[in-house]
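In what follows, a single structure is set out as structure tokens and then discussed.
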Amino acid sequence: MPKEIKSLSKGLMLYKEILSYSKPILAKTLCERLNIDKSTMSRLLLTLKNENFIEYLENSNEIIACDLENNAIKNTKIELLVKNTQGLLEDIFYLTNECAYLGIIHNNKVLYLNQIDHSKRDLKTRNNIGLYFPVHSSALGKSILAFGNYDLNKIRLKQWTNNTITNLAALKKDLNNIREKGYSIDNSEFQDSMCCIGVPLFNKDNILIAAVGISGASTRIKKQSIEETAQNIIGVVEKYSILS
């Protein structure tokens, strides 16, 4: 049997074992039940995880099978969200002349779903679509945290720059300020010399579904202009009725 077919066969056997177990299971247990060595098991599990067939329970090494039907529904909703907010991001870009973003929180990180940057600058923002960023040091992440219902104790407050928030009390204070103002700021908290503004995005039923915002060099998004720029973005967002 060709090597590729043998690997596929082992992967399918592993996936069926996880499904049939009907409860969270450890890799060690899978090795014992299927007589697969640790190195091979690690590769197989990584492949299944990357293809969204399995996932690990939060803060745990226990493995469960993904709900493929719900994942398909979720992916469809994300596609609709990206489609329905394309015009919004275009408007935000042309209003600010800065790269506009759409993001959600997934697994306690910010997942960037879309971005618009039609600027003619030689140094443009890299393509961040599909990438994850720390939720506590990004404007989009803090906007969603402030207006959503999340367990802040599960967030790892890793330091990225001298401006990164690294303790829970400071994060809670910042989130309170965001709720009062209606927008968030990333003042070089993830990357030096970069400034970002985030605004929560609600659907027509006033349910928080995502966040939008901009990022750019601190030399362009200056401290004295942040309030005006943020209010302008909020004004654009309020004109949109986004379907969930």
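Numbering (numbering that gives the first Met the number 0), first residue to last: 0 to 243. From the three backbone atoms N, C-alpha and C, an ideal C-beta is built for every residue, glycine too.
Determine, using beta-carbon pairs with one atom in the region 92 to 109 and one in the region 220 to 237, whether at least three such pairs fall under 8 Å.
-> Contact holds: three or more Cβ-Cβ distances are below 8 Å.
Do Thr-39 and Gly-10 have their C-beta atoms within less than 8 Å of each other?
-> Going by C-beta atoms, Thr-39 is not nearer than 8 Å to Gly-10.
Would the beta-carbon of Leu-44 fall within 8 Å of that of Ala-26?
-> Yes, the Cβ-Cβ distance between Leu-44 and Ala-26 is below 8 Å.
Work out the CA separation of Arg-155 and Ser-214 for me, nearest whole Å.
-> A direct Cα-to-Cα measurement between Ser-214 and Arg-155 gives close to 23 Å.
Three or more C-beta pairs below 8 Å linking the region 200 to 217 and the region 155 to 175 | No contact exists between the region 200 to 217 and the region 155 to 175.
So with Cβ pairs under 8 Å, would you call Asp-150 a contact of chain B?
-> Looking at the structure shown, chain B is missing, and only one protein chain is on hand.
If you measure from the CB of Asp-204, is any heavy atom of the ligand FMN nearer than 7 Å?
-> Among the components of this structure there are no ligands whatsoever, and the ligand FMN is therefore not found.
Pair every Cβ in the region 168 to 180 with every Cβ in the region 101 to 112, then say whether three or more of these pairs are closer than 8 Å.
-> Segments in contact, no.
Outcome for Gln-85 when other beta-carbon atoms lying within 10 angstroms are tallied against a minimum of 16 | So Gln-85 ends up on the exposed side.
Thinking C-alpha only, which one of Asp-173, Trp-159, Cys-195 is nearest Leu-151?
-> Comparing Cα positions, the closest option is Asp-173.
Enumerate, from N- to C-terminal direction, the unbroken beta strand (DSSP E) stretches of 3 or more residues contained entirely within the region 54 to 120.
-> Counting only unbroken stretches of 3 or more residues, the beta strand (DSSP E) elements lying wholly within the region 54 to 120 are 62 to 64, 98 to 105, 108 to 115, in sequence order.
Exposed or buried, Gln-114, counting other C-beta atoms within 10 Å across all chains shown (16 or more means buried)?
-> With a 10 Å radius around the Cβ and a threshold of 16 neighbouring Cβ atoms, Gln-114 comes out buried.
Quick one: what does DSSP say Ile-220 is sitting in, helix, strand or coil?
-> Coil.
Can you list, in chain order, the stretches of the alpha helix (DSSP H) that have 4 or more residues and sit fully within the region 162 to 241?
-> Entirely contained in the region 162 to 241, the alpha helix (DSSP H) runs reaching 4 residues are, in chain order, 167 to 180, 225 to 237.
Classify Ile-24 as helix, strand or coil using the three-state DSSP reduction.
-> Three-state DSSP puts Ile-24 in a strand.
From this set, Ala-209, Arg-219, Arg-42, which residue's C-alpha is nearest Arg-120's C-alpha?
-> For Arg-120, the nearest C-alpha among the options comes from Arg-219.
Out of Ala-209, Lys-238, Glu-227, Ile-225, point me to the one whose CA is closest to Leu-79's CA.
-> Residue Ala-209 is the option with its Cα nearest to Leu-79.
Along the alpha helix (DSSP H) that carries Phe-146, what are the first and last residues, could you check?
-> Looking at the DSSP string, the run of the alpha helix (DSSP H) that includes Phe-146 is 138 to 146.
Below 8 Å between beta carbons: does that hold for Ile-143 and Ile-104?
-> Going by C-beta atoms, Ile-143 is nearer than 8 Å to Ile-104.
At which residues does the beta strand (DSSP E) containing Tyr-149 begin and terminate?
-> Here Tyr-149 belongs to no beta strand (DSSP E), and DSSP marks it neither H nor E.
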